[in-house]
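> In our numbering, the protein residues as written are 93 to 593.
Yeah, the Cβ is synthetic: ideal placement off N, Cα and C, and Gly gets one too.
The structure under discussion is supplied below as structure tokens; questions concerning it will follow.
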């Protein structure tokens, strides 16, 4: 067994160091298991793997709650043995995605900022029975020093009957001090969250727990299952250039300060590419208040462009993770991780005036966004935190390429096949074709702005034709639609393999 006694700073806790198999044995069928992890960062590995092996011999299911997506050793391992009954609140694992799209797993897709409070109130079918938490160390007082993510960990530890701590020796002790742990009181006792600047510290550098609450401590040496981003392609570069030019004009018009307002950027390759574009821009002293800190934000810091970044997870590529570890003393001065109900807080987003930049699967001509479902039925990943920011940001921007599947799908359609963000929450749309600013526009004005600026030339005439015929049929109704054609593009794709006529 890996020796972790130097990381467990109270010798009385050494008696609680056990194997992953012994810790997993405490988990019973039907339990609500809350784990650390937000993206493939800071999630437990050894205990879930042991639990999956147990489920192979003794089939049963648990309900799994996390911060967001997690790595293959958790979502993947448990999905492979049909060990998950209900999953909350976000996922990206392909095996799990297949299970929830075929009825094998019940999935509760919820705004990430709401998930911890829902669990504390018991709205998810009881409270947390067991919290499984990755740590880089445990303090003398029995408090938990997190690793590369915060997510819902602090809330789960507070609520759980049993806490299992995985001390992961692959995570550097130098992570200590990068966390700001604050769990708000629940209504009716909640106080204002006292953050007015991105770098405000309001909590503790550890998760409060205590000696008695920890039942087992498990050694682990498995690293985070971080993944490479797709190469930054020409479309992503163009979208980054478009939004940067837009921001420059907003500064010129007096609607943004010269260092912008705090940036929020979604998860994934397109979002990372857009942020990376700021490295070669004229902007300096940039601030970030977001969910995930990816390679692009490390690039900003290395280029001297970043003043401070607050998130709930480090989610870089493998090379980015190595860079984070190698320069952690430098990054600690410019970066901080918070619980996701603070990182994604609508209250704070509205107060500090966040610029929200997220990706869409599709958006329609009137400005509604589908960010979760393929052809309206198959769940991709989940809404994540985009809704937390979209409704409350100073500016809400959505990005997507204008087409998908080698041009067979138009990402701009007459009507979205699923709605995650309504027209009331969106301001700026960006594709590699152009940028549409729909602030202050009526639905019919928005439609022409989106079609003319964002739609691919192959589909633009079809969209204009639909709009003009809908206006004629409805006598220019407020939101003109042809109800028998509104979703016909999706039907045509399913029947013929293309949205083109």
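Near residue 598, what residues of its chain come up, given a Cβ to Cβ distance below 8 Å and the 5 sequence neighbours on each side ignored?
Nothing about residue 598 can be reported from this structure: the residues present for the chain run from 93 to 593 only.
> Is the beta carbon of residue 379 less than 9 Å from the beta carbon of residue 399?
yes
> I believe residue 555 touches residue 520 by the beta-carbon criterion, under 8 Å. Please report the beta-carbon distance rounded to the nearest angstrom.
19 Å between Cβ atoms; not a contact.
> What are the boundary residues of the beta strand (DSSP E) that residue 427 is part of?
427-429
> Using the Cα positions of residue 475 and residue 464, report the straight-line distance between them to the nearest angstrom.
6 Å
> Within a Cβ cutoff of 7 Å, which residues of the same chain sit near residue 287, ignoring the five residues on either side of it in sequence?
294, 440
> Just mark residue 93 as buried or exposed, buried being the case when its beta carbon has 16 or more other beta carbons within 10 Å.
exposed
> Taking the alpha-carbon of residue 321 as reference, which of 409, 537, 134, 346 has the nearest alpha-carbon?
The shortest Cα separation from residue 321 among 409, 537, 134, 346 belongs to 409.
> For the stretch 526-554, list the beta strand (DSSP E) runs that are entirely contained and at least 3 residues long, ordered along the chain.
Segments of the beta strand (DSSP E) lying fully in the stretch 526-554: 527-529.
> Closest to residue 146 by C-alpha separation, out of 119, 159, 132, would be which residue?
Of the candidates 119, 159, 132, the residue whose Cα lies closest to the Cα of residue 146 is 119.
> Would residue 429 and residue 403 be called neighbours here (beta carbons separated by less than 9 Å)?
yes
> Could you check which residue in 243, 468, 360 has the C-alpha nearest to that of residue 578?
468
> Considering only heavy atoms of the ligand GDP, does any lie closer than 8 Å to the CB of residue 568?
Inclusion of the ligand GDP in the displayed structure is not the case, the ligand content being empty and no account of it being possible.
> Counting along the chain, where does the beta strand (DSSP E) carrying residue 179 start and finish?
176-180
> Suppose the cutoff is 6 Å on Cβ atoms and the five residues either side in sequence are ignored; what does the same chain contact list for residue 483 look like?
517
> Which residues does DSSP pair with residue 311 in a beta bridge?
In DSSP, residue 311 forms a bridge with 259.
> State the start and end residues of the unbroken alpha helix (DSSP H) segment that holds residue 421.
Residue 421 -> alpha helix (DSSP H) spans 420-423.
> What are the residues that DSSP puts in a beta bridge with residue 491?
451, 522
> With 16 other CB atoms within 10 Å as the buried threshold, where does residue 341 fall?
exposed
> One question on the structure: do residue 124 and residue 219 come within less than 9 Å of each other, judged by their Cβ atoms?
Contact flag set, yes.
> Return yes when the Cβ of residue 540 is within less than 9 Å of the Cβ of residue 571, no when it is not.
Going by C-beta atoms, residue 571 is not nearer than 9 Å to residue 540.
> Within the same chain, show all residues whose beta-carbon is closer than 6 Å to that of residue 165, passing over the 5 residues directly before and after it, in chain order.
Around residue 165: 137, 140, 141.
> Count the other CB atoms within 10 Å of the CB of residue 587; is the residue buried (16 or more) or exposed (fewer)?
That one is exposed.
> Smallest Cα separation from residue 438: which of 481, 314, 514?
481
> Tell me the rounded alpha-carbon separation between residue 193 and residue 360.
22 Å
> From this set, 215, 190, 195, 196, which residue's C-alpha is nearest residue 202's C-alpha?
215
> Evaluate the contact criterion for the stretch 99-107 versus the stretch 272-283: three or more CB pairs, one atom per stretch, below 8 Å.
no
> Pairs of beta-carbons, one from the stretch 450-466 and one from the stretch 505-512, closer than 8 Å: are there three or more?
yes
> Just reading off the beta strand (DSSP E) that residue 223 is part of, what are its end residues?
222-227
> Please go through the same chain and pick out, in chain order, the residues whose beta-carbon is closer than 7 Å to the beta-carbon of residue 97, but skip the five residues on each side of it.
Cβ within range, chain order: 106.
> Take the Cβ of residue 243 as the centre, count every other Cβ of all protein chains shown within 10 Å, and call the residue buried at 16 or more, exposed below.
buried
> When the Cα of residue 144 is compared with those of 446, 370, 112, which residue comes out closest?
When C-alpha distances from residue 144 are compared across 446, 370, 112, the shortest belongs to 112.
> Please name the residue, chosen from 397, 390, 503, that lies closest to residue 424 on a Cα-to-Cα basis.
390
> Taking residue 339 as the reference, give the member of 323, 262, 315, 370 with the closest Cα.
The residue among 323, 262, 315, 370 with its C-alpha nearest the C-alpha of residue 339 is 370.
> Over the uninterrupted alpha helix (DSSP H) stretch that includes residue 142, give me the two end residues.
138-149
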